[in-house]
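Presented below is the structure to which this report refers.
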């Protein structure tokens with residue numbers, strides 16, 4: 001930095017908060033607020049006197065990104081943090097007048113609980129921790145542009161659990177305590193030239209890194225234009241540079257942070273502030289939000305952090321994609337139609353080795369959205385019913401002996417506008433290709449009225465069942481959407497105001513006294 005002009009010092013009425021006195025610091029700790037950023041010289045060392053540089057044209061210094069701590073610090077002016085003067089030489093600024101009757105730390109705490117705006121999400125360059133909730137992962141995938149893919153939670157690694165999942169299964173994401181298992185896979189690392197893999201280059205991004213490492217290796221998945229462009233842009237980069245491009249993408253980062261609250265951002269900035277002050281090797285002291293699914297290990301002072309790892313099938317092998325490893329790892333070859341068997345056996349081995357952490361694991365599967373498959377079944381069954389009804393009506397012997405009342409009511413109900421409930425059109429039903437199996441079944445049944453009636457009734461039942469499954473999945477999606485909406489709402493400002501009013505009325509003191 002020698003020879004580079006330093007920016008001019010801030011004016012006296014700058015809105016930056018100076019380092020508070022001990023009295024202010026103790027007051028902040030008592031109120032649970034956020035300590036202001038320490039002012040340090042570059043590198044934390046004293047500058048040696050040097051000769052003045054020659055006069056040369058200089059470019060203005062680049063503007064550094066403003067953290068959430070710095071941004072909120074502009075609310076309280078420096079005059080409010082200083083001791084009052086007997087003979088002030090200047091009038092108080094507008095910001096000082098605003099908080100003249102309030103404790104500046106109360107104002108700072110109030111600002112810390114304000115809901116985030118779209119501008120705040122775009123400006124903040126950090127990443128928050130994300131819970132292992134399938135609804136959150138599905139929302140992130142949808143907002144990234146991925147279509148017809150849903151995250152579903154697996155409660156066991158058994159074959160029966162996989163049988164209940166929609167097919168196909170594109171990948172699996174495993175959550176575990178990173179320090180509780182070996183960082184190296186027994187099968188070793190591989191180059192993985194055919195595998196798209198990005199390293200995790202920033203903290204708290206492992207969830208999104210695992211998601212992208214999964215969807216980028218699923219050619220049959222519709223990942224959308226933006227992710228397709230990102231994949232094409234980064235295909236020639238090394239894995240660390242891919243991770244850097246991922247963490248530097250405002251589009252991806254904003255979607256990941258859409259679940260954050262202002263206090264989450266402040267805590268992340270405060271953690272980095274403390275780590276910078278105490279050294280890069282400082283340990284994270286706060287608890288992970290994902291620890292709600294785990295428990296503290298006995299005899300240990302601090303739990304290891306949680307981490308997401310992806311498992312995908314590529315070129316006949318199952319790969320483990322861990323963003324904290326240098327390269328992707330081969331778990332084993334695919335020996336059956338169910339590729340998840342290889343991944344499930346490996347995951348089960350990891351969980352068995354760490355039985356003390358039996359409540360600290362979580363497994364998600366990325367599957368095709370069931371709505372798409374249910375809609376496809378509905379269109380197929382309706383097409384077969386239409387064809388069978390036309391065949392019955394064209395045969396006088398069958399039309400008098402086979403009842404088509406149920407199919408008539410069903411087909412009339414879903415005609416035209418009725419199909420919109422299932423996001424289908426008349427053209428979708430007409431363009432369905434009847435399978436050879438159903439063609440053969442109809443040909444065999446048309447010779448006997450009783451067989452035709454059984455085939456007709458079974459098709460009506462299957463069509464109604466597919467419609468019921470579609471409606472049930474739609475209801476489940478609405479519940480997930482509501483849970484995501486409630487998670488994104490920030491109730492901190494309401495709770496903070498409510499508690500402050502209780503304190504003003506003396507109710508909190510009475511509650512504390514009654515609890516003793």
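Residue numbers (the UniProt record's numbering): 1 to 516. We put the beta carbon where it would ideally sit given N, CA and C, even for glycine.
Would you please state the rounded distance, in angstroms, between the beta carbons of residue i and residue j? I believe it to be under 8 Å.
i, j, result
"residue 218", "residue 364", "So it is not a contact: roughly 15 Å between Cβ atoms."
"residue 376", "residue 307", "No, residue 376 and residue 307 are not in contact; Cβ-Cβ is about 37 Å, not under 8 Å."
"residue 111", "residue 496", "With a Cβ gap of about 10 Å, residue 111 and residue 496 do not count as contacting."
"residue 382", "residue 411", "7 Å"
"residue 369", "residue 148", "4 Å"
"residue 361", "residue 155", "About 11 Å separates the two Cβ atoms, so there is no contact after all."
"residue 321", "residue 312", "6 Å"
"residue 113", "residue 409", "Actually they are not in contact, since the Cβ atoms of residue 113 and residue 409 sit about 56 Å apart, beyond 8 Å."
"residue 422", "residue 309", "Between residue 309 and residue 422 the Cβ distance is about 37 Å, and since that is not below 8 Å, they are no contact."
"residue 305", "residue 178", "6 Å"
"residue 230", "residue 249", "7 Å"
"residue 222", "residue 146", "7 Å"
"residue 202", "residue 127", "6 Å"
"residue 449", "residue 414", "Actually they are not in contact, since the Cβ atoms of residue 449 and residue 414 sit about 26 Å apart, beyond 8 Å."
From the DSSP output, which residues share a beta bridge with residue i?
i, result
"residue 311", "172 and 320"
"residue 332", "318"
"residue 362", "175"
"residue 528", "In the structure as shown, the chain begins at 1 and stops at 516. Residue 528 is therefore absent and cannot be evaluated."
"residue 306", "177"
"residue 222", "147"
If you follow the alpha helix (DSSP H) that residue i is in, where does it begin and where does it stop?
i, result
"residue 484", "449-488"
"residue 442", "436-445"
"residue 507", "507-515"
"residue 107", "104-112"
"residue 275", "262-278"
"residue 250", "250-256"
"residue 498", "492-504"
"residue 399", "396-399"
"residue 212", "206-215"
"residue 202", "No alpha helix (DSSP H) contains residue 202, which DSSP labels as neither H nor E."
"residue 426", "426-430"
"residue 348", "340-353"
"residue 120", "118-123"
"residue 159", "159-163"
On the DSSP letters alone, give me the boundaries of the beta strand (DSSP E) that residue i sits inside.
i, result
"residue 415", "Where residue 415 is concerned, there is no enclosing beta strand (DSSP E), given that its DSSP letter is neither H nor E."
"residue 151", "149-154"
Check your understanding: Does the segment 192-210 come within contact of the segment 225-243, defined as at least 3 CB pairs closer than 8 Å?
Key -> yes
Point to revise | Cβ contact check for the segment 121-136 and the segment 480-490: 3 or more pairs under 8 Å | key: yes
Exercise for review: Answer yes if the segment 473-483 comes into contact with the segment 429-439, meaning at least three C-beta pairs across the two stretches below 8 Å, and no otherwise.
Suggested key: no
Check your understanding: Can we say the segment 163-181 touches the segment 382-402, given the rule of at least three CB pairs closer than 8 Å?
Key -> no
Check your understanding: Are three or more beta carbon pairs between the segment 462-477 and the segment 390-403 nearer than 8 Å?
Key -> no
Exercise for review: Spell out a yes or no on whether the segment 312-320 and the segment 339-354 are touching, meaning 3 or more CB-CB pairs, one atom from each, closer than 8 Å.
Suggested key: yes
Review point. Three or more beta-carbon pairs under 8 Å between the segment 111-122 and the segment 250-258, yes or no?
Key: yes
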